[in-house]
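Below: one structure, written as structure tokens.
In mature numbering (1 follows the signal peptide of the UniProt record, and there is no 0), the protein residues as written are -20 to -1, 1 to 262.
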């Protein structure tokens, strides 16, 4: 049965030119993240709260384009018009949502590069692709024109702690909380064997078919459009600008910036970290 299934995939891939030298695909994804804003009991004017919530919404609802071939891909946020006076993608609040920049994957070499902007500084994270131990299931559902199969995995993640940022209190506060929280979460993905490439949105990959939908405890990413072998090919090029760091080094820098933001809120600054550093989406 396995040999027959593999033979069927080979025929399908050949039919759509997936094994052709110049094969390319383009998938559009809509990403939505739910963030529970906890101001930690801090008395913030209602108009300021509304502004914060609006900017968080802008940072947490995004559209991305994944351009991929047989072994590489680039995942970029779709360009969009911004309202006058607003920073792109919700400004510094993009850091709170975990939003990232252009994400390049090479599944053949097992590496990724992602360009992040953090308070006006550009960083280039260069590291090994995270490997998830996917468990393949038999459950299916229809996503567009494709039958998608379910797969699950668990992973440990770190996220900004909103309560720690907005909470009052000084360095000697016995109830002081960490800027980041760490916990184990379940990842659920739906992949299409009909598109037998080892790719997916952002950091996700490693399944026998393109990942069309993936969700964790707060974020859902859904493919809304898929084009195979588009007439107009695009260059899949790894980002190259920025200070090169590992993921661990970047996480340390992010943690320090979160501590800076918390200190600014504690002193009544209302939201910003280093005023001279500018805004930006990591």
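Glycine included, each C-beta is placed from N, C-alpha and C at the ideal position.
Residues that DSSP places opposite residue i in a beta bridge
i           : result
residue 225 : 105
residue 5   : 48 and 208
residue 11  : 42 and 201
residue 293 : Limits of the chain in this structure are -20 at one end and 262 at the other, which puts residue 293 out of reach.
residue 53  : 48 and 85
residue 235 : For residue 235, which the question treats as bridged, DSSP gives no partner whatsoever.
residue 94  : 83 and 105
Backbone CA spacing between residue i and residue j [nearest angstrom]
i           : j           : result
residue 137 : residue 163 : 6 angstroms
residue 97  : residue 175 : 33 angstroms
residue 114 : residue 87  : 16 angstroms
residue 53  : residue 85  : 5 angstroms
residue 50  : residue 223 : 29 angstroms
residue 91  : residue 105 : 10 angstroms
residue 121 : residue 184 : 19 angstroms
residue 65  : residue 169 : Model confidence at residue 65 stands at a pLDDT of 44, short of 50, so the residue's coordinates are unreliable and nothing is read from them.
residue 240 : residue 233 : 11 angstroms
residue 45  : residue 109 : 19 angstroms
residue 220 : residue 95  : 8 angstroms
residue 230 : residue 216 : 24 angstroms
Own chain partners of residue i with C-beta closer than 7 angstroms, once the 5 adjacent residues on each side are dropped
i           : result
residue 264 : Only positions -20 to 262 of the chain appear in the structure, and residue 264 is not among them; the question remains open.
residue 10  : 43, 202 and 204
Integer-rounded CB distance, given that residue j should sit under 8 angstroms from residue i
i           : j           : result
residue 8   : residue 198 : At roughly 21 angstroms, the Cβ-Cβ gap does not stay under 8 angstroms, so residue 8 and residue 198 are not in contact.
residue 135 : residue 167 : 6 angstroms
residue 117 : residue 132 : 7 angstroms
residue 2   : residue 213 : 7 angstroms
Sequence-distant residues of its chain with Cβ nearer than 8 angstroms to residue i (five each side left out)
i           : result
residue 210 : 4, 5 and 6
residue 119 : 129 and 130
residue 192 : 7, 123, 124, 126, 128, 170, 171, 172, 202, 203 and 206
Within 8 angstroms, strictly: CB atoms of residue i and residue j
i           : j           : result
residue 82  : residue 227 : no
residue 186 : residue 112 : yes
residue 200 : residue 181 : no
residue 99  : residue 179 : no
Close-in-space but distant-in-sequence residues of the same chain around residue i (CB under 6 angstroms, 5 per side omitted)
i           : result
residue 125 : none
residue 196 : 165 and 167
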